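Here's the structure, in structure tokens; my notes come after.
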Amino acid sequence: MLLLLSFVLKKETTFYQRRASKILSIIVSFFTSAYATKWKEFFPLKELNLSPSFRSRIICCASMEVLQAYLAWRQSECHLNNQYNTCLWKLIFSGTSEKEAKEILKGTQKQEKNELLFRQFGINYKDLPQILRQGSCAVKIKVEDIVKYRENGAPVKRPRKKAVIVHSENIATKGFWNNYSCLTEELGSLGEGINKIKPEFLRSFKFQSKLMLSTWIVIRVDGCHFHRFCEDNGFQKPNDEQALKLMNSCAISLVEMCKDIIFAYGVSDEFSFVLKKDSLLYQRHSSEIISAIVSLFSSMYVMKWKEFFPENDFKEPPYFDGRSVCYPSSKILRDYLAWRQVDCHINNQYNTCFWMLVKSGKSRTEAQSCLKGTQAQEKNELLAQFGIDYDALPIMFRMGSSVFRDKEELSGTDIGRDKVVVEHCNIIEESFWKEHPRILGEEAEEKHVIPLL
1 MLLLLSFVLK KETTFYQRRA SKILSIIVSF FTSAYATKWK EFFPLKELNL
51 SPSFRSRIIC CASMEVLQAY LAWRQSECHL NNQYNTCLWK LIFSGTSEKE
101 AKEILKGTQK QEKNELLFRQ FGINYKDLPQ ILRQGSCAVK IKVEDIVKYR
151 ENGAPVKRPR KKAVIVHSEN IATKGFWNNY SCLTEELGSL GEGINKIKPE
201 FLRSFKFQSK LMLSTWIVIR VDGCHFHRFC EDNGFQKPND EQALKLMNSC
251 AISLVEMCKD IIFAYGVSDE FSFVLKKDSL LYQRHSSEII SAIVSLFSSM
301 YVMKWKEFFP ENDFKEPPYF DGRSVCYPSS KILRDYLAWR QVDCHINNQY
351 NTCFWMLVKS GKSRTEAQSC LKGTQAQEKN ELLAQFGIDY DALPIMFRMG
401 SSVFRDKEEL SGTDIGRDKV VVEHCNIIEE SFWKEHPRIL GEEAEEKHVI
451 PLL
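Using the working numbering, you'd call the opening residue of the sequence shown number 1 and step up by one each time.
Shown next, in the form of structure tokens:
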């Protein structure tokens, strides 16, 4: 089954300042987390064994007519695909091979498929559930909620907007649009006659950019509103070891699943995934790479939650945003990774000081004032007053986590196999990269150096 959803943002939206990578990654991440979270609600007897993931892209509709034509196109595709698949699987279930079924349906029109379903299987296509034939439309309606009761028992109501699912034969008509005032208020009125706008024209509005060839691609995944998420779930300050291990576990699984990811570095609620220089993943389409990685990371986070927090249920689904950057040389790529590790140290040292001051009785504002303008040495001295040697804190807190493939030696043999490992080490120094030349392929590059005459 192919799952497709289109989310329409109003024309004047400033959602994340209209940055494409932010918009598509946040929406696909939240949707994936919600999907994994709600699974048990709809499939109580089935385990979600594989992490679901979705890809997303941006389509800019320049006018209401184009939006109207887009919606009509997507609903028409829903009908055509469902009609074809219903015929295909009925034929297969009746004993026809898949190849034979496809040959029978090749070139058939809508009416012929309807006749096939009725004559061979006694199915009136129009009697099938609307959700299958017409798809689903989520719209906002105005409702009144009771917020409190007066002393005399009279309810006090407040208006609000609530999302509901509706099924309609044609969502791209004025009749449907006028039934839901929020559509007209937030998106505008529909026009007349959209038959001249073809799907080929609509596809030209897809926002699709390719990342530069022969460059390292870095996809950085960041938690969205994670300060609130951490507080809601009672994460320890300044570092929650289990939360960090959960992030690491998700990164390990992602590196194992995607062979194009050759290194990942994570700290706090972020992870940077490095794709090999010659990667052709999704033909290097930025939106598809970002959304697929962010989506998969989000579903893994939800599915692995109970491994690390068996006693807790999160209140709201976690979600992340993503961005892509290309680096033309291994030196510049290593500079980026060094920057993230330096940032890890700076933030961890500050946060350790900050939370020790807060725990000692100072307000957050007072703690910020105490630390304003302090250097690393001064922060270390402050921590010493609390009996803390900063260099003795867990290395994962101070250096972050590096995830990569390394050779695992098998006992009694010289043959090794790749194993994804997580290490907490100094990736700023040259020594790490010399010890692991396979990560960036520098070992292979050295073998193919052509000497200058």
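From the three backbone atoms N, C-alpha and C, an ideal C-beta is built for every residue, glycine too.
Here the structure is a predicted model, which means the values were calculated and not measured.
Linking K46 to K113 through their CA atoms gives a straight-line distance of about 33 Å.
The closest CA to that of Y301, considering only S286, K276, P328 and E270, is found on E270. In this structure, N348 places its C-beta atom within 8 Å of the C-beta atom of P238. Residue range S181 to L187 is occupied by the alpha helix (DSSP H) that includes L187. Just so you know, the alpha carbons of K161 and K142 end up roughly 5 Å apart. Rounded to the nearest whole angstrom, the CA to CA distance from L5 to D335 is 39 Å.
Rounded to whole angstroms, T374 and P155 show a C-alpha spacing of 55 Å. Bounds of the beta strand (DSSP E) holding L275 are E270 to L275. Here DSSP, grouped into helix, strand and coil, assigns F404 to strand.
Here G387 carries a coil assignment [DSSP, helix/strand/coil]. In chain order, T32, S33, Y35, A36, S51, P52 and S53 place their CB closer than 8 Å to the CB of S299, counting only its own chain and leaving out the 5 sequence neighbours on each side. In the structure shown, D278 falls within a coil segment according to DSSP collapsed to helix, strand and coil. The beta carbon of A367 sits closer than 6 Å to those of F354, L357 and V358, all from its chain and outside the five residues before and after it, given in chain order.
If you keep only unbroken beta strand (DSSP E) runs of at least 3 residues inside the segment 307-387, you get 320-327. Cβ neighbours of K157 within its own chain (closer than 8 Å, five residues either side excluded): E144, D145, I146 and V147.
Listed in chain order, the alpha helix (DSSP H) runs fully inside the segment 48-129 are 64-93, 98-105 and 110-121, counting runs of at least 4 residues.
At the C-beta level, D313 and I26 stay beyond 8 Å of one another.
Between the segment 287-294 and the segment 422-432, the count of C-beta pairs closer than 8 Å stays below three; the two stretches do not touch. Judged by DSSP secondary structure, D232 falls within the alpha helix (DSSP H) whose first and last residues are F226 to D232. Between the segment 258-274 and the segment 210-225 there are three or more C-beta pairs closer than 8 Å, enough to call the two in contact. The C-alpha of K277 lies about 43 Å from the C-alpha of L383.
Here Q75 is buried. Its C-beta has 16 or more other C-beta atoms within 10 Å. Leaving aside the five residues that flank E256 on each side, the residues in its chain whose CB is nearer than 7 Å to its CB run, in chain order, V420. S21 has its alpha-carbon roughly 21 Å from the corresponding atom of S214. Going by DSSP, V139 is part of the beta strand (DSSP E) stretching over C137 to Y149.
Restricting attention to M212, L116, E200 and F121, the CA atom closest to the CA of S329 is found in M212. Approximately 5 Å separates the beta-carbon atoms of D232 and K315; this is inside 8 Å, confirming the contact.
With contacts defined by Cβ atoms closer than 8 Å, L190 and K210 do not form a contacting pair.
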